[in-house]
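Just so you know, the protein sequences line up as chains W and Y, in that order. Oh and the first sequence: position 352 is 352 in the numbering used here, straight run, nothing missing. Oh and the second sequence: position 411 is 908 in the numbering used here, straight run, nothing missing.
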Amino acid sequence: MTRYLNAGNLLNRRGFLANTMTGLSSIALAQLLSSQNLLAAGIDDALPIRPLIDPANPNAARQPHFPAAAKNVVVIFCAGACSQIDTFDYKPELIRRHGQPMPGENVVTFQGRQGALQKSPWDFKPRGESGKMVSTLVDHLGELADDICFIHSLTGKTNTHGPGEHFMSTGFTLEGFPSIGAWVTYALGSENDNLPAFVAIPDPRGRPQSSANNWGPGFLPAVFQGVDFNVTNPIRNLARPARISPENDKATRELLNRMNQRHLAQFPGDSELAARIASYELAAKMQLSVPGISDLTTEPAHVLQMYGADDTENTLKAAFARNCILARRLIENGVRFVQLFNGAYQTGGEGASNWDGHKSLKSQYDVHGPILDQPAAALLKDLKQRGLLEETLVVWCTEFGRMPTFQEGASGRDHNPAGFTAWMAGAGVKKGFTYGATDEFGYKAVEGVSTVYDFHATILHLLGLDHRRLSYYHNGIERRLTDVHGNVITDVLTSAS
Amino acid sequence: MRKVTRSFALLPATFWIGFVCAAQLPAQDSSETPPTIAQTIDFGRDIEPLFAAHCYACHGPTTQESNYRLDVRSIALGVADLGDPPIVPGDSLNSPLIRFVSGEDDDTLMPPDGEGERLLDAQIELLRQWIEEGANWPDDEAGNKETKISTDHWSFQPLVDPPIPEIDTAIAGHFQAANEIDHFIASGLTRAGLQPSPAADRITLIRRIYLDTHGLLPTPEQVQRFTNDTTGEAWSTVVDEVLSSSHYGESWARHWLDIVRFAESTGFEVNRDRSNAWYYRDYVINSLNDDKSFRDFIVEQIAGDALGVDEATGFLVGGPFDIVKSPDINLTLMQRQDELADYVNTTSTSFLGLTVGCARCHNHKFDPILQRDYYALQAFFSGVQHGERKLTRTVSDQTRVELEENEQQLKSQEALLAELSATAPLDSSKSDSLLPSVNASMNTDSFPPVEARFVRFSINRCNQAEPCIDELEIFDDKSVNVALSSSGSVATSTGNYDGDPKHQLAHINDGKIGNEHSWISNSETNSWVQIELSNPARVERIVWGRDRQGNFADRLAIDYAISISMDGKKWQIVADSNGRQPFFIDGKEPEGAFIARLSESDAPKARKVLDEVLRLRSAIKTQGESIPTAYIGTFNENETTYRLHRGDPLAPREEVAPDVLTVMEGLGLDSSVPEQERRLKLANWIGSDSNPLTARVIVNRVWQFHFGRGIVATPSDFGVNGARPTHPELLDWLTLRFIEHGWSLKWLHRQILMSATYRQSSKPAADSLARDADCQMLWRFPPRRLEAEAIRDCILQASGKLNPQAGGPGFLLFRVDRENVHHYFPLEKFEAEQFRRMIYMTKIRQEQEDVFGVFDCPDGGQTVPNRNRSTTPLQSLNLLNSLFMLEQADSLAERLIAMTGDDPQAQIKVAYYLLLLRDPAADELAEAVSFVIKFGLANFCRAMLNANEFLFLS
């Protein structure tokens, strides 16, 4: 047992005492189970690390496994499967062979057969000192290419949205697994005491395909789930109900607190009871801090302008820009994990309000590109100029990629998990760097072929977490974000990380 | 404990070494990732398929000529009857196998002429390279025979009847044992140097047993009856009372439904609700209330269709199901494998407490479960499909017989139709003259001008769901759209889709296009919409679409007719979908479209068969409408089951017949066993008295839900990786008696509830807390927060709003937007229907119930044998501020006033009595009175409903 704890370097005295003192709830259950088997087998570095959670303060900050490059994360998730072909993965050969059939067998993808190869309707231009070719669809992001580390060789396991979104957000294609944000919060706790540790910001148009599964706790304790809100839709039930006056509200909470304290006196040392008392205090703090965080009236005009939040013509862009500003403010205030969605399914499927451009790529991406581009780029710039990028990892990802062909009889691209792009920027990753490559058309990853597991392993690594060891015991299995897979993509890391 | 000693015949150590190696290299185990191009030979990918295709017929699982087989490593790399080892690792030149397959010598050519296909040169080169590299053959592919396994793990051993331990005199003085359970617990406490707690007071006890078994508070009458009962039978009477109430089943069904991941939507991308899945929920409630033998409960859930208990098989298909289908074969095969995995995993974790799912890609790393075992178990479910089935038991025999006859006939007529379709030429000269097939954005049907007052658009069939039309335009011979409501034309229809303002009948002729302004029928087939023109007109062209903005392509009418009439009685068809190229669904042309390509002489017969098919379908439909349909799965012919290399559906290996775990006694079935019989065999094996796992697992679960923690702390993992039992003798003793009592759950509950162990106080004792914080040894009754359902139900009970209506269709706490993808929005207004017990809430995956979901309420995505109990500020916000809670606080206040009048003291006393079953202490009362006077009774109720004392079971 001692060995297990030392191995994890996690012996947080306070947490440990709290745990042995109470033993409440199944958070602490089975803490030492399979480690004994692994010890017996003489396997040291495979020992699972299950963070010790103090039930009275489950979101207390916890140490990483090793020194971390990044303290917090913003994930920009483009729902609907954003095409690598039309954004960041430049393929001159595709332009040359435009209109020709793709060599090889006629691949049957999600919606069926393929038409001819199709170059992107947008031009690519060299950007910055790195000369990275980025499409004019995302000009603002392109201008930041020198700050970005592109990964062009991701591969997925599914070509359908629900499982694809699950996979990117939870590491499994199936239902019911914890989201990456929940894993990180479980591992590291919170750095603030008046905001949630993990916030999901849905797109102004609604929720993504897999809805709350993207930020759900799965089988982790509910305390680690993401809290979803954005600038227009506040946290449900956060505000004091209008019909209850502030005085009444305050008196009621005080009465409740006295009731609970009296009850606690009969159960000395019961931290589950103490935790409920504390949760009302944190709720009260959130009532004060969250509306302030979401209130952008204190942002100066030049900031609103930089994000495009003042755009009166493209109101969707302005709304997404406000969510981007919210993301920055959350990071500024010590929120551990922010998941920022671009694209929704609630207001129209198949490309109408997300990146799922099956039938009319040009007209749909002409809508989605501008909504994403300037606000997301401004977020990156803003984090950088405030020095927040030193400790913050920004991740851009999507379910999977799209085909270099148009679908037979259509003017859009079908799903393609065989090779797609994601990028990272900020703490611990190389700048102006490109890792991996797809084939000459952008269809399949051929160089530095990486899996979503590798991608997750890398994110955890940057947070100082060993993806092979961060685990939670559920139903007989030491569950990990990366299942039994994954290798950190070391090439994208700066030497220090 | 007696050990099972089964054969260690062949290399017993290999299996264990195999898993240790695998555990050392977690990152290397890419069981589900497609292999990338590798420089070295991979046995499973490159070599095993060659053996399987070319050699197994004579040297494989069934036949071993020359006593040689290539499916078992130890034999393949060993010596055959011929003498020399055919494979010499590292030396291909001296490996006879290479000589045999390359045919250097005609006499020894393998496979011999006529007995199999010869290997290609490239394949021989692969073999050569593999041998040169050392004939690397991984442990987990070493073959079934080689991994003949045994185990001395406790849970696989037969049950042993232990002696009842004596209670130590040091304890006996203040711990009055009520039954055998207490002897085992007391002996454990003595060993651990712990003291039991004194018995709890009666108020605590009655509150505990009601919350524990009913998830509700006891009524004042129930409390009084118990506190006034001075006989020695008082507690026994209460135990009988709670177990005979139907609230017991309503409360404990929730535990089982968590374990079997039951929810009422598909999950995944579209997450559609399953409005008739509730039959299974009611089945579970009723089974518990009827104290159905748990053995029968098992068998019915796996094979209830064989026993006249159809709704029980809702168990099989209660999980998530990805209904987004694709022509991509990779996706389709993987989806099917995931479905099968869900059946196998849920069955094995729920009943056996084994994580068989781990063996989908490789031998289990910890437990004695081979990869082959996983597929052998999968074979029991190979005919199970998600879907609805008729509850035929609910109708008369005559109807059922007629229905079955019609279904038989339909099958043969459909087969005949398929035969005829195969005779039709692929092309028809007629097809050139046809209009293009329908498309979702816009279609035009022109015809010679005709005088009309009515134009009707009839839709026989759609590509998906109910048909949608965004605008129906009717042009006269001057190209004027005469359909517009603005010109006085009026739309009517057979029925309209309910509940979404986007889709209205008036939208069909409002001049606005797109999904936002469209009409949807209420029926998937045979509906119509018609326009009565303000004045008769000479009509010559109809323009219609599903969504002219191009966002939606579902709900498209593909089989339709346009007819006109002057009087609304006599109709004339002017255009229909026969005039168009067929619309292909999933690459198939619609049924009967081939008739158009038949010759004049062949067509009539085919048309007659098609008519008969349609007639039978309609008859079956009519008959079927009297029979309820439930989401309880369908059963097809068995699919052939193969072991899949690394779980990859594109890498099938040998065929696998249904069987149970190798480590246990096999059932000796072969692949010819029919579908239903397979499941029945499996179910009977699981539910047999001699199965060492099943009864132990359920006894432990029941114990866990009473005490918050099982004798085995990992209730769905009785494997090597799980926790050891804290009281193994108690577990075996209880399990044996449980079996003797016919697997009666109520017998088991009664033993536990009657025990002095259960009746201990929950108050902490500092010494014991320091030594056994988790209360593993049960030195007190461990207190716990109520689960989400109990919290909601108790609040409604306290406010007087609880609607006792039991069973039947569930209530939704969402407004549902039923597009292709279903979207759920929490209700903002509640009716009595929504105040039923939460077990009757239609449980939607991914969408937490708005107020109580955040209390660690699982969503049915994965099986949950024991809920987390975490504490979050969102819980507090929901309980303080949600509309639901404010309304309940108001209702409670009204109820208190109605019961007591205007006196705050009386109001507060009753509130304490209803919620906490006790009188307020003097200081509590004084404080509450001054609060109520100043801030009102409703605010006091709001605080009470948030109090820990109310929300905890202690």
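Yeah, the Cβ is synthetic: ideal placement off N, Cα and C, and Gly gets one too. If you're wondering where the values come from, they're calculated on a predicted model, not measured in any experiment.
- A Cβ-Cβ contact shorter than 7 Å links Asn487 (chain W) with Asp454 (chain W).
- With a cutoff of 7 Å on beta-carbon distance, Gly476 (chain W) and Gln1359 (chain Y) are scored as not near each other.
- A residue is called buried once 16 or more other Cβ atoms fall within 10 Å of its Cβ, and Lys157 (chain W) is buried on that count.
- Unbroken alpha helix (DSSP H) stretches of 4 residues or longer found wholly inside the segment 1234-1287 of chain Y: 1242-1251, 1263-1268, given in chain order.
- Boundaries of the alpha helix (DSSP H) around Val367 (chain W): 361-385.
- Chain-ordered, the chain Y residues with CB closer than 7 Å to the CB of Ile477 (chain W) read Thr852, Cys855.
- His711 (chain Y): member of the alpha helix (DSSP H) spanning 699-711, first to last residue.
- DSSP, read as helix, strand or coil, puts Trp1016 (chain Y) in strand.
- Think of a sphere of 9 Å around the beta carbon of Val74 (chain W): no beta carbon from chain Y falls inside it, the nearest being about 22 Å out.
- At a cut-off of 7 Å, the C-beta of Thr160 (chain W) has a neighbouring C-beta in chain Y.
- In the pairwise beta carbon analysis, the segment 1287-1294 of chain Y is classified as not touching the segment 718-729 of chain Y: fewer than three pairs are separated by under 8 Å.
- Note on geometry: alpha-carbon atoms of Phe1349 (chain Y) and Leu1147 (chain Y) lie some 43 Å from one another.
- Put simply, the backbone Cα of Asp54 (chain W) is about 8 Å away from that of Ala60 (chain W).
- Annotation for Ser823 (chain Y): Thr829 place their beta carbon closer than 7 Å to its own, counting only its chain and skipping 5 residues before and after.
- Take the alpha-carbon of Val1351 (chain Y) and the one of Arg1112 (chain Y): they are about 51 Å apart.
- Against Asn1436 (chain Y), the close residues of chain W are Ile244, Asn248, Asp249, Ala251, Thr252, Leu255, in the order they occur along the chain (beta-carbon pairs closer than 9 Å).
- Counted as a single uninterrupted DSSP element, the alpha helix (DSSP H) harbouring Glu738 (chain Y) occupies residues 731-741.
- Here the alpha carbon of Gly218 (chain W) sits roughly 14 Å from the alpha carbon of Met168 (chain W).
- Counting only Cβ-Cβ distances below 7 Å, Lys359 (chain W) has contacts in chain Y at Gly1047, in chain order.
- Looking at the backbone, the Cα of Phe267 (chain W) and that of Gly206 (chain W) are separated by about 45 Å.
- Three or more beta-carbon pairs separated by less than 8 Å are not found between the segment 1014-1022 of chain Y and the segment 929-942 of chain Y, which leaves the two stretches without contact.
- By the Cβ-count criterion, Thr297 (chain W) is exposed, with fewer than 16 other Cβ atoms from all chains shown falling within 10 Å of its own Cβ.
- Annotation: Cβ neighbours of Tyr345 (chain W) in chain Y (cutoff 7 Å, chain order): Val1318.
- For Tyr1139 (chain Y), the three-state secondary structure derived from DSSP is strand.
- Chain W places no beta carbon closer than 7 Å to that of Ala1408 (chain Y), leaving this residue out of the contacts.
- By the neighbour-count definition (other C-beta atoms within 10 Å, threshold 16), Pro922 (chain Y) is an exposed residue.
- Look at Gln1201 (chain Y): its C-beta is not under 7 Å from any C-beta on chain W.
- In this chain, the alpha helix (DSSP H) harbouring Arg1193 (chain Y) covers 1191-1204.
- The three-state secondary structure of Trp396 (chain W), taken from DSSP, is strand.
- Just measuring C-alpha positions, the residue of W:Ser211, W:Pro404, W:Ser294 sitting nearest Ala344 (chain W) is W:Ser211.
- Fully contained in the segment 1379-1411 of chain Y are the following alpha helix (DSSP H) runs of length 4 or more, in chain order: 1380-1397.
- In terms of Cα proximity to Gly164 (chain W), the closest of Y:Asn676, Y:Asp588, Y:Lys1243, Y:Phe765 is Y:Phe765.
- Counting C-beta pairs closer than 8 Å gives three or more between the segment 619-632 of chain Y and the segment 590-603 of chain Y, which meets the contact rule.
- In this structure, the CA atom of Ala1386 (chain Y) is about 13 Å from the CA atom of Pro241 (chain W).
- Proximity of chain Y to Phe110 (chain W) at the Cβ level (cut-off 9 Å) is accounted for by Val821, Ser823, Pro824, Asp825, Leu828, in chain order.
- Considered as a whole, the segment 587-654 of chain Y harbours 593-599, 618-629 as its complete alpha helix (DSSP H) runs of no fewer than 4 residues, in chain order.
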